[in-house]
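Okay, so here's the structure we're looking at.
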Amino acid sequence: MTSAAHEPQDRALVVLGAGVMGVGITTLALAHGVPVTLVDTAEGVLPVARGRIREGLRMAQLMGALPEGVTTGELTEATAPAEVDWAAGPVAVIEAITEDAELKAKVLAEVAPAVAPGTPLISNTSSIPIDELAGAIGRPEDLLGTHFMNPSYLIPTVELIRGPRTGETALGATRELLGRLRRKVILVNDAPGFVTSRVLHPMINDAARVVEEGTASVEDVDALMQGCLGHPTGPLRTADLIGIDNLVDSLWVLYRRTGDEGCRPCELLLSKVRDGHHGRKSGRGFYTYERAM
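Numbering that gives the first Met the number 0 puts the first residue of the sequence shown at 0, with every later residue one more than the last.
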């Protein structure tokens, strides 16, 4: 990067994790002219991610989700946090790895010392309370959470989670970044599952349980929820989009932190995870797809 990299409009966003959500967030940022350094340590993941980002940008263009007159941001890849140009001063760091509190805390603790104070350290999580992660870093005031929906470059609203120790500087900088990405921000307080997952994921679990008990088929459950209650896709098709493995991880987080039996994953969900039927990304979940995401 040149010296202009220190200007807010040119500073890169660092995204940790090149899975479904990391790719989606990267695509969103690039589409709005924000350069991104995408980091993933797993072998062979980044080339696949690169192709998915290209596809996402094409889809965003077809859906009219690209802002007019904005040059696509530059993508840089790194296979370890040590390869990131931290001296350039990222605009923010978004951790988007698997929904595991211990792993998230470890990654955040690794990168925090390299980031200037006041730079937002953001965990993109669907269910893990932000304050659980805050103790892993030396500056809990810089930590907060986001919950982007999938695909994040098409869904315009983001759940922003303020932890008990989140400071105004990090919160303001994150709002500014999300504003640049043209996202509508809903600020919520810290709790297991926040709002969207705490409401949606037990509902999906119940929908799967209805199928498991033989009350109705997958298609009929979704059709009833769409036609009678206005759910845009149906809960089980939504589960496929979320990723059934991710859904189960989130349900376990909710169950273990709330004790709510409605959050204990039902056997049908667990069996699909065991069989590798994770939804759209694997080509099969509650439905079968011609190609995996």
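No residue lacks a Cβ here, since even glycine has one placed at the ideal position from N, Cα and C.
Requested in this report: Pick out the complete alpha helix (DSSP H) segments inside the region 186-218, 4 residues or longer, and give them in chain order.
Outcome: Runs found: 195-211.
**Report entry** Residues that DSSP places opposite N123 in a beta bridge
**Finding:** T145
**Report entry** Contacts around D130, its chain only, beta-carbon distance under 6 Å, and the 5 residues preceding and following it disregarded
**Finding:** G162, P163 and D189
Query raised in the report: In its own chain, which residues sit with a C-beta less than 6 Å from the C-beta of K183, not counting the 5 before and 5 after it?
Result: P155 and T156
Query raised in the report: Taking all protein chains shown into account, do 16 or more other C-beta atoms lie within 10 angstroms of the C-beta of G166, making it buried, or fewer, making it exposed?
Result: buried
Query raised in the report: How big is the Cα-Cα spacing for A4 and G88?
Result: Confidence at A4 is low in this model, with a pLDDT of 38, below 50, so the placement of that residue should be treated as unreliable; the coordinate-derived value is given next. Near 8 Å, if we compare the C-alpha coordinates of G88 and A4.
Query - Counterpart residues of V92 in DSSP-defined beta bridges - result: For V92, which the question treats as bridged, DSSP gives the partners V13 and L120.
Query raised in the report: Quick one: is G55 buried, meaning 16 or more other Cβ sit within 10 Å of its Cβ, or exposed?
Result: buried
Report task. State the beta-bridge partners of V110 as determined by DSSP. Result -> DSSP output for V110 lists no bridge partner at all.
Requested in this report: Output yes or no for whether 8 Å exceeds the beta carbon distance between L15 and T25.
Outcome: no
Requested in this report: Alpha carbon to alpha carbon, how far is A215 from T145? Give it in angstroms, no decimals.
Outcome: 35 Å
Query - Cβ separation of G23 and V69, assumed to be a contact under 8 Å, to the nearest whole Å - result: Not quite, the Cβ-Cβ distance comes to about 18 Å (not below 8 Å), so this is no contact.
Query raised in the report: What is the rounded straight-line gap between the Cα of L246 and the Cα of L253?
Result: L246 and L253: Cα-Cα distance of roughly 11 Å.
Query - Cβ pair I284, G275 closer than 8 Å - result: The sequence given here has Gly at residue 284, not Ile. Contact: no.
Report task. Given a cut-off of 8 Å, decide if R236 and Y288 are closer than it, judged by their beta-carbon atoms. Result -> Not closer than 8 Å, so no.
**Report entry** Buried versus exposed, by CB contacts within 10 Å (16 or more), A222
**Finding:** A222 counts as exposed, since fewer than 16 other C-beta atoms from the protein chains shown sit within 10 angstroms of its C-beta.
Query raised in the report: Does the region 89-103 come within contact of the region 168-184, defined as at least 3 CB pairs closer than 8 Å?
Result: Yes, they touch.
Query - I127 versus A111 - alpha carbon distance - result: Near 19 Å, if we compare the C-alpha coordinates of A111 and I127.
Query raised in the report: Any idea if L228 is buried or exposed, counting beta-carbon neighbours within 10 angstroms, 16 or more meaning buried?
Result: When all chains shown are included, L228 counts as exposed.
Query raised in the report: Are the Cβ atoms of V13 and V83 separated by less than 8 Å?
Result: yes
**Report entry** Collapsed DSSP secondary structure at G178 in the structure displayed
**Finding:** It is helical.
Query - Boundaries (first-last residue) of the beta strand (DSSP E) holding L153 - result: Counting along the chain, L153 falls outside any beta strand (DSSP E), and DSSP gives it neither H nor E.
Query raised in the report: What separation, rounded to the nearest whole angstrom, lies between the Cα atoms of E98 and A207?
Result: 21 Å
Report task. Can you give me the Cβ contacts of L240 inside the same chain, cut-off strictly under 8 Å, excluding the 5 residues immediately before and after it? Result -> N149, T232, G278 and R279
Requested in this report: Alpha carbon to alpha carbon, how far is V210 from A77? Give it in angstroms, no decimals.
Outcome: Their backbone Cα atoms lie some 43 Å apart in a straight line.
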